[in-house]
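Chains G and V, in that order, are what the protein sequence lines are.
The working numbering numbers the first residue of the first sequence as 146 and each following residue consecutively.
The working numbering numbers the first residue of the second sequence as 17 and each following residue consecutively.
From the three backbone atoms N, C-alpha and C, an ideal C-beta is built for every residue, glycine too.
Notes follow once the structure below has been shown.
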Amino acid sequence: MKKASWFVILLFAVSCLDDPDCFQLNNNIIGISFRVLGSTKPDTLLVVGVEMSGTDSIFLEPAKYINAALPLNFTTSSTNVIFHQLGGLSNSMNLGYLARTQFVSDDCGSRFVLSDLQILGSDFDSVRVLDPQPDKVARNNIEVYRCPEPYFLTVVFRDLYLNSAGDEAKRTGGIKLSGINDSYSSTTYYEDAALATFYLPVDTLSDQTTFDFIQPDGTTNQLTVQYTRTYQKRYNPCDPKTFVTGLSIVDAESDFVLSEMVLDSEGEEKSTLTDPPEANVYVYRCPRTNLVKIDFKERVPNTSSSVRTDTVFLKSVRVNYTPQILYDNTLATTITVPIDETAQTTDVYLEYETRTDTLRLSYTAHPSRVFISETADCGAQGIYSNLELTETITGVTVKADSLRFPVVSNIEIIN
Amino acid sequence: MRSLINISLLIVLTLSAQAQEAEKVDTTVASKKYLPTGLRLGVDALSLARNFYDDSFTGWEVNADVDFYRYHLAVDYGYWGRDYNDNGNVYANDGTYMRVGADVNFLMKDPDRNMFFIGARYGRGVFSEDLTIETVDPIWGEVTSTLSNNNVTASWYELTTGIRVKMWKMIWMGYTARFKFGLNTNETGDLIPSDVPGYGGTDKESTWGFNYQIFVRIPVRKAPSGPLKVSKSSKK
């Protein structure tokens, strides 16, 4: 018995045996990142789909990508990858690798082990292998470079406003435009766009370019920049390009109260156009003091007074003093509507799928110089108070009767 | 790295125990104590039993050791083959292997010469394997492949520990636990070895193994009246 006890420990030892893990056995995933020659910053590729040899599957959803994870065909020793891009462009690369097989277990079957990744061919401007080892998750295996197109001016719109302490403040704010025209071609950029940042190609045959920013009401604001051009071949895979330096603002006329060059972290103006582009010019606009914010709510089931944010579909939102459609076929939880600065009332038409509600708003305007910046004088602007609904609509209440900028919730609509 | 630490610890423990024991050795018997007193021949019962309860396994292993005072030269020789056929994968391998190494006994005062030992082995095997795949991948479609490795040589290292217990007259039993590491194979094709006879699965950098052994000990001479007998006589 004493001797037999020597072997009891064996039972515990045998229990240490384990089984292999069947999850994601193959290491056939590669990571591809996109770059611009001469830049350390990631590039964006507008991909609509990726084709790979050996399968009918389409990889990557249409989107902007700075890097992509793709599986290699482990049943062969090479995979041809075709990137279909926005605008009908396509680029491909043929990737070679060593594909080996290993039986794992009865339950798991076999796995495929890939290594020695290399570029067999490519029609991208430049491609290099950073890490030749594919993995189970994407690593940065391949860098794809394109030649730079360093002649895009980046204009960023910002709003001036007074913060809660009454001090001047600035923040990026979107603007709705009918389009932007340049002074050297008949091209219209950004038709019917509502954005804060615009990338605009300067004239590479001239030292100056003027851009017309056309607002929905037809108002045109101009921005003129001048610069120095250098035409040279900087990178072997690329044709000679025009490089733009010494950029400065010549003129900005309009209700863009202030345009200025963007400064980098060392206080230097960003006067060189780069690819990928970086903000070069800030365009400031005066505070918009006539904006009414409307929030959509719904009652919480089984409660008497609790409400929560509601998402509604709006076929259109219009106001009575302009034919402009403010919102068009939009899903929204909140909207911002400008009231008529020249009147004491504004009608707001909210067109839902099955009905149209009209909010008849009245208010009191107090013309005042509410914003006088050190560098920008916004002139007389209205201060609006005593906001009321002249016709009662069930579920619609005024929550704040004074208009503010940045906006506050003025009206709540409970559906 | 972990393997190196294990080896270092083992060496330190072994040398420490050896140094303490050396102080007690009577120099008059030292010259004879390193002569072998017996040859132990055995078979791995677990390997034999596995042929009956594991349909995928075929194999056997024989073991032998001979004592040189507290040190034992150990040699193992075996055969194993695996056979799987499931989920569109047919895999088979077979080969022979051999291990050579030494064990250090830490029970020198046991009157029955029972052993608790720690040791090391160098393992080497030659094997062949075949794999046929017929499956469907959701992305790449039908996957069909037949691959093989022939006469692949494998080598590895082991740290061992275990016991040997005298059960009745010449009959001994024991078990050996093996920590196996440092596998190296010399295949050149597209098939990566899956299972190396004597070592086991190759999917991890190290693995464990166990033997449950039955021995016959053939004495070749009477043990000298050295330290082995000192402890026994002191009890009387």
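So, for residue i: in the same chain, excluding its five sequence neighbours on each side, which residues have a beta-carbon less than 7 Å away from its beta-carbon?
i      : result
G/S202 : none
G/D409 : K415
G/S507 : Q489, T490, E533 and T535
G/V457 : F441, A477, Y497 and N560
V/N165 : S144, E145, E203, G205, L207 and P209
G/S235 : I227, F228 and H229
G/V445 : S451, V452 and R453
Which residues in chain G sit within 8 Å of residue i, going by Cβ to Cβ distance?
i      : result
V/W156 : G199, T200, N218, F219 and T220
V/S110 : Residue identity check: residue 110 of chain V is Asp in the sequence provided, not Ser. None at all; the shortest Cβ gap to chain G is about 14 Å.
V/Y69  : Chain G residues near V/Y69: none, gap ~13 Å exceeds 8 Å.
V/Y215 : Those within 8 Å of V/Y215 in chain G number zero; the least Cβ separation is about 14 Å.
V/Y100 : F248, S250 and D251
Could you name the residues of the same chain whose beta carbon sits closer than 8 Å to that of residue i, not counting the 5 residues immediately before and after it, in chain order?
i      : result
V/R194 : R137, E174, L175, T176, W224, G225, F226 and N227
G/V258 : N171, N172, A244, R245, T246 and Q247
G/V195 : I203, F204, L205, A213, L215, V226, I227, F228 and H229
V/K196 : G139, W172, Y173, E174, Y215, G216, S222, T223, W224 and G225
V/L62  : F226, N227 and Y228
V/W184 : none
Once the 5 residues before and after residue i are set aside, which same chain residues still bring their CB inside 6 Å of it?
i      : result
V/D81  : R56, H88 and A90
G/N560 : E443 and D455
G/S267 : M238
V/D110 : G97
G/A314 : Y306 and N308
G/Y210 : L190 and V192
V/M186 : V232 and R233
Give me the chain V residues within the contact set of residue i, using Cβ-Cβ distance strictly less than 7 Å, ordered along the chain.
i      : result
G/S255 : N105, L147 and I149
G/V258 : I208
Name, please, each residue of chain V whose Cβ falls closer than 9 Å to the Cβ of residue i.
i      : result
G/T246 : L147, I149, S161, L163, D206, L207 and I208
Who does residue i pair with in a DSSP beta bridge?
i      : result
G/T369 : G/T355 and G/D396
G/F131 : A query on residue 131 of chain G cannot be resolved here, the shown segment of chain G reaching from 146 to 560 and no further.
G/R463 : G/I470 and G/Y494
G/L403 : G/Y429
G/N326 : G/T333 and G/D357
G/V272 : G/V289
V/K49  : Per DSSP, none; premise fails for V/K49.
V/N165 : V/E145
G/A338 : G/L322
V/N227 : V/T192
V/Y172 : Residue identity differs from the one stated: residue 172 of chain V is Trp in this sequence, not Tyr. BP columns for V/W172 point to V/G139.
G/E443 : G/R453
G/D502 : G/L495
V/D153 : V/G157
G/Y376 : G/T387
G/E414 : G/L408
V/K220 : DSSP lists no partner for V/K220.
G/R303 : G/T317 and G/Y429
G/S260 : G/L243
G/I484 : Answer is none; G/I484 lacks a bridge partner.
G/L476 : G/F458
Chain G partners of residue i, CB-CB under 7 Å?
i     : result
V/M83 : A small correction: the amino acid at residue 83 of chain V is Asp; Met does not occupy that position in the sequence shown. Within chain G, no residue comes near V/D83; the closest Cβ sits about 19 Å away, beyond 7 Å.
Residue i: beta carbon under 7 Å from a heavy atom of the ligand PLP?
i      : result
G/V541 : In terms of ligand content, the structure shown is empty, and the ligand PLP therefore cannot be addressed.
For this session: Report yes or no: do the region 214 to 230 of chain G and the region 163 to 181 of chain V share at least 3 C-beta pairs separated by less than 8 Å?
Result: no
Exercise. For the 8 Å Cβ check, are there 3 or more pairs between the region 196 to 216 of chain G and the region 245 to 259 of chain G?
Worked result: no
Exercise. Is the number of C-beta pairs between the region 408 to 427 of chain G and the region 529 to 543 of chain G that are closer than 8 Å three or more?
Worked result: no
For this session: Report the residue ranges of all beta strand (DSSP E) runs contained in full by the region 174 to 212 of chain V; include only those spanning at least 3 residues, in chain order.
Result: 187 to 201
Exercise. Taking three-plus beta-carbon pairs below 8 Å as touching, is the region 118 to 127 of chain V in contact with the region 147 to 159 of chain V?
Worked result: no
For this session: Could you tell me whether the region 276 to 289 of chain G touches the region 362 to 375 of chain G, where touching means 3 or more Cβ pairs closer than 8 Å?
Result: Contact fails between the region 276 to 289 of chain G and the region 362 to 375 of chain G, because fewer than three Cβ pairs, one in each stretch, are under 8 Å apart.
For this session: Please determine if the region 315 to 327 of chain G and the region 447 to 462 of chain G are in contact, where contact requires at least 3 C-beta pairs separated by less than 8 Å.
Result: no
For this session: Pick out the complete alpha helix (DSSP H) segments inside the region 55 to 143 of chain V, 4 residues or longer, and give them in chain order.
Result: 61 to 69
For this session: Note down, one range per segment and in chain order, each beta strand (DSSP E) of at least 3 residues found wholly within the region 173 to 256 of chain G.
Result: 174 to 181, 190 to 197, 208 to 210, 212 to 216, 223 to 230 and 235 to 250
Exercise. Is it true that the region 434 to 449 of chain G meets the region 462 to 481 of chain G, where meeting means three or more beta-carbon pairs spaced less than 8 Å apart?
Worked result: yes
Exercise. Can you find at least 3 beta carbon pairs, one from the region 338 to 358 of chain G and one from the region 298 to 307 of chain G, that sit closer than 8 Å?
Worked result: yes
Exercise. Counting Cβ pairs closer than 8 Å, one from the region 491 to 500 of chain G and one from the region 462 to 470 of chain G, do we hit at least three?
Worked result: yes
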